[in-house]
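Below is one structure; the comments refer to it alone.
Protein chains in written order, with the working numbering: chain A, 77 to 685; chain B, 3 to 280; chain C, 122 to 251.
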């Protein structure tokens, strides 16, 4: 059923719950952003567990030299699928499918995503793509085994024949389209469905980062899809785009792939940066420090990240080293701004250490070191020494694990009350955090040292006389700790499910609009929206005596001025009408007034025909 | 204080705080600088990289320590006391401070970039008259090294003796070995016969892709004799883990006699390597 | 609409500058082509938004002093449930599998996809029932 959604002006009584489908039918047919967001989150988390288990097998294999727990072929499949599932099916969809879907419409006071059915289509494309990718394991050739980067010509039909690699390609095209649709949806939602008064520079940092992520998706993913189509053509219809013998250029694949691949890293990172920013501000009881600087830094990171793709190709000898080197270095500047703003947000705050905050601070600590080692690798000579060694493995795991898992768990535990209406157990959450934090360093510091000792990545075995055995054992032990930490988190979810602790609307005394509605939010989200006069409407509502201090107050700031202005010019009241009338109309005469539905509680048109 | 260290201290004093951030190890020189586990480099180019890496690592540690310190301070200093429900000041901006921490990282990365470019040019330089040119070809899953000798003959080597330090239960002579003269520049011309490989010599701090359709040229000037393990580091298919080789650096006279010996004894390698490009 | 358009234009302009610098410095074609694509991706929607923003009243969400009443009223038509995205997703997946296991089986996927597209369009026209 389609509902004509109206936005309430003041408090209205909740209407009777509509009798919709339930159970499996509801899951399959729902176009509600909250249902889809929840499905995305759960699915992505399952993929995380699958890929994490692969990592455990990989680490177990490497615990001893010349180990034969899995064969070389299976090992190659495992690290390929570990990378692919983690990057394409967990990290990205968890953020822009799960968190963004659920949270962005709530944070901007929208009833749903702009295109609900496109949103549902995204989810089904993502789910089917994910299943197809994993089904590669049951084909006769096995799953794809050319690494998650699929460098040509290793990925052609001579070197890696069979259905498994083809399924990998198809799965990526499907999930790629899913990401593109979600990107379009997020952009449209943020641009067109914000609540009155919620200007662009009053959106929370999380919503801002999701918007920038969506733009990055639109830049990067089409390139990947195009490259995959070329690869499919090379494999199936005899084109020679990436083969030398046919006059093709293998390096082109690397250019295309990394033009997608590097922005992809930031597509994975930016949403979690945003979530962590919100968490730090809420648990420090302070506004985000340097709010606008934060936004400009995000945009700068996004822009720069699309002009550094070839720093993955320094050792090819075919790229312009100084250009990509300086562009990569420059990313450190906006990232540094973010770091200092995060510290500034905590500075002189009143910090409580609930699980989300612990994970957020953990993110700061681990991501910093990952970022610093990233600076090393942006230097071509150092990259010559470290490229394709475990140093790089440790670097990008520290960056990605730091953002996606620490940031992701921070976001998940922060918004879990909003998702489910229940609190998580803080004690279990803290155990999970400390296991993860310690396990993280135990896993990845040895990998840095291994890289410095010259151990290449993606090798299934190594000689016992290379001196790598001890460090590998330590790293494996750390990986088991990480596994344990995730297991504790799972126990926490089960506990919250079995013995629910009601959360209430606003358990964290938070800032943004999602905490103004109930937990979990009703269909179409809001019965009431607080007035929006800053980027912290809910805080302003509960703590009207503690607004943001501004050094240079805006010339027409403050509620009194606003009130005066709106009473003086009643004409400025615009109808928040359907898209055709209010938004797009060319009306030089001024607005058409008669605010609709004012004080009309039952105005929830069930426009079913 | 020994004279060497005093000289260091003097250099440090002259160049000021920038050195703290970037140049500490670069100024130190020699083999005394710390590399935190990485190789110092057994050739001239690798030593340059080792110095740059060491300098960057120290600068990075300093920056990381400062930021970690700030994080730790704010986390421990500003935690909420029990029964304290007061709300802190709601400040949000400090424009001069924000500009400072935008400019500062910018200055740091520009300095690092300058050092990077200097080292990069030294590492990538190829001399006009190298002592020796070696053609290296990577294939699935091995390496071929061919030498042009003075008589215009092409010598191909593949297997080698004692390429790896012996380990229990391992015959170490199955992997190919590249032999280089000490103290002379040797030009390497790198190609691939099939997929992308990476010619990675850890002791030289150097890796370069061997790619179909691309010929990469670079130079080593070894400064240390010995046998250095090396291997393909770019994933190249099923037996990637076993694509090992080694580099043996010998004094120049021994090198010359080795080359003559090759000419007479080891040039009968069958020519059916999978060298067709695909 | 001004802020939205400006954000896109700034990103687009950045890529324009980078594309020019990259082309003249490296002369490499694939990267220049992709950067130009990114430039256009910022330019087209960005200038469209700006063009519109001059021709419309500021919306309540662009006005920092807007009152809640200004936003009251109909927001839009949002379907609360529909089976067609699921059908469309499955048909896309089956077309994808056909590209792996034999292209002729794609016919099934295309037929189902066509049915789903018709279903979606009819649903939109009617105002939508599952």
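Backbone N, C-alpha and C fix where the C-beta goes; we use that ideal spot for every residue, glycine too.
Fully enclosed by the region 183-216 of chain A, which alpha helix (DSSP H) runs are 4 residues long or longer?
For the region 183-216 of chain A, whole alpha helix (DSSP H) runs of length 4 or above, ordered along the chain, are 192-211.
Among residues of its own chain, excluding the 5 on either side of residue 211 of chain A, which ones have a beta-carbon nearer than 7 Å to its beta-carbon?
Residue 211 of chain A sits at position 135 when you count from the first residue of the first chain. Counting only Cβ-Cβ distances below 7 Å, and skipping sequence neighbours, we find 243.
Note down, in chain order, every chain B residue with its Cβ under 7 Å from the Cβ of residue 624 of chain A.
To locate residue 624 of chain A, count along the first chain from 1; it is residue 548. 92 and 94, listed in chain order.
Does the CB of residue 167 of chain C have a neighbour CB from chain A at under 7 Å?
By one-based count along the third chain, residue 167 of chain C stands at place 46. No, no contact with chain A.
Taking just the CA atoms, how far does residue 308 of chain A sit from residue 574 of chain A?
Stepping through the first chain from its first residue, residue 574 of chain A is reached at position 498. Stepping through the first chain from its first residue, residue 308 of chain A is reached at position 232. For residue 574 of chain A and residue 308 of chain A, the distance between alpha carbons rounds to 48 Å.
Under 7 Å Cβ to Cβ from residue 231 of chain A, same chain only, skipping five residues before and after it: list those, please.
The residue you call residue 231 of chain A lines up with position 155 of the first chain. Excluding sequence neighbours, residue 231 of chain A sits near 222, 241 and 307.
Closer than 8 Å is the cut-off here; do at least three beta carbon pairs connect the region 204-221 of chain B with the region 124-133 of chain B?
They touch, by the three-pair rule.
Residue 265 of chain A and residue 370 of chain A: beta carbons closer than 7 Å?
Taking the first residue of the first chain as position 1, residue 265 of chain A is located at position 189. Taking the first residue of the first chain as position 1, residue 370 of chain A is located at position 294. Cβ distance not < 7 Å, so residue 265 of chain A and residue 370 of chain A don't count as in contact.
For residue 278 of chain A, does the count of other Cβ atoms within 10 angstroms reach 16, so buried, or fall short, so exposed?
Your numbering for residue 278 of chain A matches position 202 in the first chain. Buried is the call here.
Can a CB atom of chain A be found closer than 7 Å to the CB of residue 260 of chain B?
Residue mapping note: residue 260 of chain B aligns to position 258 of the second chain, counting from 1. So no, residue 260 of chain B is outside the interface.
Any Cβ of chain B within less than 7 Å of the Cβ of residue 322 of chain A?
Position 246 of the first chain, counted from the start, is the residue given in the question as residue 322 of chain A. Output row for residue 322 of chain A: interface = no.
Is it a yes or a no for the region 468-486 of chain A touching the region 165-184 of chain A, going by three-plus beta-carbon pairs under 8 Å?
The region 468-486 of chain A vs the region 165-184 of chain A: in contact.
Just grab the DSSP bridge partners of residue 201 of chain B for me.
Within the second chain, numbered from 1, the residue matching residue 201 of chain B stands at position 199. Answer is B/210 and B/234.
Going by Cα to Cα distance, which pick from A/607, A/556 and A/537 is closest to residue 143 of chain A?
As a working note, residue 143 of chain A is residue 67 in the first chain. Of the listed residues, the one whose Cα sits closest to residue 143 of chain A is A/537.
Hey, is residue 568 of chain A's beta-carbon within less than 7 Å of any beta-carbon in chain C?
One-based indexing of the first chain puts residue 568 of chain A at position 492. Closer than 7 Å: no.
What three-state label does DSSP hand residue 396 of chain A in the structure shown?
In the first chain, the residue the question calls residue 396 of chain A occupies position 320. If DSSP states are grouped into helix, strand and coil, residue 396 of chain A belongs with coil.
Enumerate in chain order the residues of its own chain whose CB-to-CB distance from residue 139 of chain B is below 6 Å, with the five nearest sequence positions on each side excluded.
The residue you call residue 139 of chain B lines up with position 137 of the second chain. Once the five neighbours on either side are set aside, the close Cβ partners of residue 139 of chain B are 146, 193 and 195.
Using only CA atoms, which one of A/182, A/378 and A/486 lies nearest to residue 597 of chain A?
Against the first chain, residue 597 of chain A aligns to sequence position 521. It is A/182.
Between which two residues does the alpha helix (DSSP H) containing residue 461 of chain A stretch?
In the first chain, residue 461 of chain A corresponds to position 385, counting from 1. Segment 456-462, the alpha helix (DSSP H) holding residue 461 of chain A.
Which whole-angstrom value is the C-beta distance of residue 151 of chain A and residue 251 of chain A, which I expect to be below 8 Å?
For the purposes of this step, residue 151 of chain A is taken as the residue at position 75 of the first chain. For the purposes of this step, residue 251 of chain A is taken as the residue at position 175 of the first chain. Contact flag wrong, Cβ pair sits at about 24 Å.
DSSP state of residue 343 of chain A, grouped into three classes?
Counting from one through the first chain, the residue named residue 343 of chain A turns up at place 267. Residue 343 of chain A: helix per DSSP, three-state reduction.
Taking residue 441 of chain A and residue 346 of chain A to be in contact with their CB atoms under 8 Å, please state how far apart those CB atoms are, rounded to whole angstroms.
Reading the first chain from its first residue, position 365 is the one you call residue 441 of chain A. Reading the first chain from its first residue, position 270 is the one you call residue 346 of chain A. Not confirmed; about 19 Å, so no contact.
Within 10 angstroms of the Cβ of residue 75 of chain B, are there 16 or more other Cβ atoms? Answer buried if so, exposed if not.
Counting from 1 along the second chain, the entry for residue 75 of chain B is found at position 73. When all chains shown are included, residue 75 of chain B counts as exposed.
Going by Cα to Cα distance, which pick from A/260, A/508, A/132 and A/220 is closest to residue 193 of chain A?
Residue numbering aside, residue 193 of chain A sits at position 117 when the first chain is read from its first letter. The option with the nearest alpha carbon to residue 193 of chain A is A/260.
List the residues of chain A that residue 104 of chain B touches, going by C-beta distances under 7 Å, in chain order.
Along the second chain, read from residue 1 onward, the residue named residue 104 of chain B stands at position 102. Residues of chain A passing the Cβ test: 409 and 413.
In chain order, what residues of the same chain have a beta carbon less than 7 Å from the beta carbon of residue 257 of chain B, not counting five sequence neighbours either side?
Indexing the second chain from 1 puts residue 257 of chain B at position 255. Around residue 257 of chain B: 181 and 183.
Can you tell me whether residue 169 of chain C is buried or exposed? The criterion is at least 16 other CB atoms within 10 Å of its CB, across all chains shown.
In the third chain, counting from the first residue as 1, residue 169 of chain C sits at position 48. With fewer than 16 Cβ atoms within 10 Å of its Cβ, residue 169 of chain C is classed as exposed.
Between the region 176-190 of chain A and chain C, which residues of the former have a C-beta closer than 7 Å to a C-beta of the latter?
Answer in chain order: 187 and 188.
Could you work out which residue in A/524, A/608 and A/327 is closest to residue 386 of chain A when comparing CA atoms only?
Locating residue 386 of chain A in the first chain gives position 310, counting from the first residue. The option with the nearest alpha carbon to residue 386 of chain A is A/327.
Could you name the residues of the region 376-403 of chain A whose beta carbon sits closer than 9 Å to any beta carbon of chain B, in the order they occur along the chain?
Result list: 389, 391, 392, 393, 394, 397, 398, 401 and 402.
Between residue 251 of chain C and chain A, is there a C-beta pair that is closer than 7 Å?
Taking the third chain and counting its residues from 1, one reaches residue 251 of chain C at position 130. Residue placement at residue 251 of chain C cannot be trusted, given a pLDDT of 35 that sits under 50; the coordinates are not used to answer.
How would you call residue 187 of chain B, buried or exposed, if buried means at least 16 neighbouring beta carbons within 10 angstroms?
Within the second chain, numbered from 1, the residue matching residue 187 of chain B stands at position 185. Counting Cβ neighbours within 10 Å, residue 187 of chain B comes out buried, since at least 16 surround it.
Suppose you measure from the CA of residue 272 of chain A to the CA of residue 329 of chain A; what does that come to, to the nearest Å?
Position 196 of the first chain, counted from the first residue, corresponds to residue 272 of chain A. Position 253 of the first chain, counted from the first residue, corresponds to residue 329 of chain A. Taking the straight line from one Cα to the other gives about 46 Å.
Check whether the Cβ of residue 189 of chain C lies closer than 7 Å to any Cβ atom in chain A.
Position 68 of the third chain, counted from the first residue, corresponds to residue 189 of chain C. Yes, residue 189 of chain C counts as interfacial toward chain A.
Determine the direct distance from the alpha carbon of residue 173 of chain C to that of residue 656 of chain A, and round the result to whole angstroms.
Translated into the one-based positions of the first chain, residue 656 of chain A becomes position 580. Translated into the one-based positions of the third chain, residue 173 of chain C becomes position 52. Low confidence applies here, because residue 656 of chain A scores a pLDDT of 32, under 50, leaving its location unreliable and the question unanswered by this model.
Please compile the residues from chain C whose C-beta is within a distance smaller than 8 Å of the C-beta of residue 106 of chain A.
Counting from 1 along the first chain, the entry for residue 106 of chain A is found at position 30. Near residue 106 of chain A (Cβ distances below 8 Å), the residues of chain C are 201 and 202.
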